[in-house]
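Each step along the sequence shown adds one to the number in numbering that gives the first Met the number 0, with nothing skipped, and position 263 is 262. Don't be surprised by glycine CBs; every beta carbon is placed ideally from N, CA and C.
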Amino acid sequence: MTGAQADPIHVVIRTPFAAQMIAAMPDAALIVGADGRVTAANAPALRLLVALKLGDPLVLALRAPDVIDAYRRVMASGEAETVQWSERVPVERLFDVSIGPLAGQGGEVGAALVTLRDLTEIRRVERLRVDFIANASHELRTPLASLLGFIETLQGSARDDARARDRFLAIMRDQGLRMARLIEDLLSLSRIEQKQHVRPETVVDFAQTVRSVVDSLSPMAQDLGAEIHFAAPDPIWVKGDRDELLRVAENLIENAIKYGVRPDADAALVEVAVARTGKEATLTVRDYGHGIAAEHLPRLTERFYRVDATQSRARNGTGLGLAIVKHILTRHRGKLSITSRIGHGSTFTAALPLHLDRK
Ligand SMILES: Nc1ncnc2c1ncn2[C@@H]1O[C@H](COP(=O)(O)OP(=O)(O)OP(=O)(O)O)[C@@H](O)[C@H]1O
Ligand SMILES: [Mg+2]
């Protein structure tokens with residue numbers, strides 16, 4: 000069979016069908032003719048490649064030499080290829096670009112189907128997972144190294160020193176507890192993540208839930224020279240998981256006591272309020288401490304993110320508290336907002352939908 004030249008009538012008839020096919024594809028897809036011009040493109044492709052115009056050469060819309068080279072090779076060889084293409088502006092994005100040959104009437108390669116699969120999100124999640132494992136291992140390794148060091152000392156030089164033994168055992172216990180707390184937090188984070196898409200069904204009194212946290216944290220506040228003021232009209236009904244809502248309140252109030260209180264100044268006050276605002280129940284925790292610089296605010300809910308890691312560790316913090324709070328609130332269709340001013344303190348507000356069937 001001789002390689003017939005592209006039949007113009009055939010192309011005209013075929014294009015609407017090809018255009019329909021790619022219109023039904025979820026990823027960005029386009030068809031590029033043998034002359035390098037784009038003959039069809041679906042909506043995702045038009046959104047992605049803003050300079051793309053049907054009938055124009057592909058090279059004008061997609062300034063990616065690797066992709067254009069691959070297209071040429073596919074047209075010459077008839078073998079499909081996949082290359083990666085990354086875009087830096089306006090935001091960094093990464094794509095798998097697959098180029099498959101489409102046979103012309105005489106069996107020659109008459110056009111190519113170019114599909115672009117967005118890998119950005121997959122890559123981001125991958126990086127998060129890798130970072131998370133690295134961070135978690137690092138957090139566990141530090142107390143573990145200290146435990147092993149003390150065990151060695153107790154087996155060696157401090158073997159018969161009763162006073163040193165007591166002191167070291169107390170430190171070892173703290174390190175052990177620290178590891179246990181970290182593992183407990185990691186496990187609850189993963190449990191909450193698993194339940195992320197299952198809405199809680201029970202109806203709880205949010206005001207009473209927060210009140211019980213205030214009561215249980217009062218001794219700790221007193222030890223650190225802080226005073227908690229609590230205001231709430233009882234009851235405020237929400238659909239929620241009581242244990243999880245307890246954790247939200249516990250974390251926010253504990254943070255305010257641990258990081259937001261300056262017992263030296265008249266900044267030893269932590270104000271906790273539960274209120275109804277519109278269709279939402281809100282928990283506001285306000286402190287009058289040092290405040291948090293603006294650049295940290297968007298990152299506070301990241302796992303292991305701490306403004307001052309030494310200070311947090313000294314207060315037994317794992318850096319997972321606000322990550323847990325955020326996940327719990329997401330599950331409850333709620334959200335966390337944070338405002339802070341250096342020298343004036345911080346306000347953390349957790350908002351979740353009210354349960355409207357009960358007053
Ligand atoms: N009210 C606050 N004032 C100042 N800094 C705060 C306040 N709340 C949180 N932070 C900062 O945010 C960081 C993250 O808080 P998060 O609750 O996630 O972790 P943590 O308290 O260190 O550990 P954990 O909650 O597991 O005990 C803290 O380490 C602290 O630096
Ligand atoms: Mg915390």
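In this structure, the CA atom of serine 217 is about 8 Å from the CA atom of glutamate 226. Ligand 1 has no heavy atom closer than 7 Å to the beta-carbon of leucine 188.
Closer than 7 Å to some heavy atom of ligand 1: that describes the Cβ of valine 306.
By the neighbour-count criterion, in which a residue is buried when 16 or more other Cβ atoms sit within 10 angstroms of its Cβ, methionine 74 is buried. Contact between the region 50–66 and the region 131–150 is not established, with fewer than three Cβ pairs separated by less than 8 Å.
Not one heavy atom of ligand 1 sits closer than 7 Å to the Cβ of leucine 282. DSSP, read as helix, strand or coil, puts glutamine 83 in strand. A check of alpha carbon separations from isoleucine 337 across Thr283, Glu78 and Ala163 identifies Thr283 as the nearest.
The Cβ-Cβ distance between valine 209 and valine 271 falls below 8 Å. Across the set Glu243, Ser339, Ile327 and Ala179, the C-alpha of Ala179 shows the shortest separation from the C-alpha of asparagine 315. Residue burial is scored here from C-beta neighbours: valine 273 has at least 16 other C-beta atoms within 10 angstroms and is therefore classed as buried. Apart from the 5 residues on each side of it in sequence, tyrosine 304 sits with its Cβ closer than 7 Å to the Cβ of Arg298 and Gly318 in its chain, given in chain order. Within the same chain, and ignoring the five residues on either side of methionine 219 in sequence, the residues whose Cβ sits closer than 7 Å to its Cβ are Ile256. Looking only at Val237, Thr309, Leu143 and Glu80, the smallest Cα-Cα distance to aspartate 356 is reached by Val237. In the three-state reduction of the DSSP assignment, isoleucine 121 falls in the helix class, which pools H, G and I. In terms of Cβ geometry, alanine 39 and isoleucine 21 form a close pair [threshold 8 Å].
Taking glutamate 86 as the centre and dropping the five residues before and after it, the same chain places the C-beta of Arg92 closer than 7 Å to its C-beta, in chain order. Note that the C-beta distance between alanine 280 and leucine 353 is below 8 Å. Arginine 158 has its alpha-carbon roughly 21 Å from the corresponding atom of proline 142.
Here alanine 179 carries a helix assignment [DSSP, helix/strand/coil].
In this structure, the alpha-carbon of isoleucine 132 lies about 27 Å from that of alanine 293.
Taking a 10 Å sphere around the C-beta of proline 43, we find 16 or more other C-beta atoms and assign the residue as buried. Boundaries of the alpha helix (DSSP H) harbouring alanine 322: 320–330, taken from the DSSP string. Here the residues close to ligand 2, judged by CB distance below 6 Å to any of its heavy atoms, are Asn250, Glu253, Asn254, Gly316 and Gly320 in chain order.
Taking the C-beta atoms as reference points, valine 212 is found no nearer than 8 Å to alanine 169.
In this structure, leucine 321 and alanine 349 do not form a Cβ contact; the two beta carbons are roughly 11 Å apart against a cut-off of 8 Å. In the same chain as arginine 246, and ignoring 5 residues on each side of it, the C-beta atoms closer than 8 Å to its own belong to Ser187, Ile323, Val324 and Ile327, in chain order. Between ligand 1 and the CB of leucine 168, the shortest heavy atom gap is not smaller than 7 Å. Assignment of serine 136 by DSSP, reduced to helix, strand and coil, places it in the helix class. Contact between glutamine 195 and arginine 330 holds: their C-beta atoms lie close to 5 Å from each other, under 8 Å.
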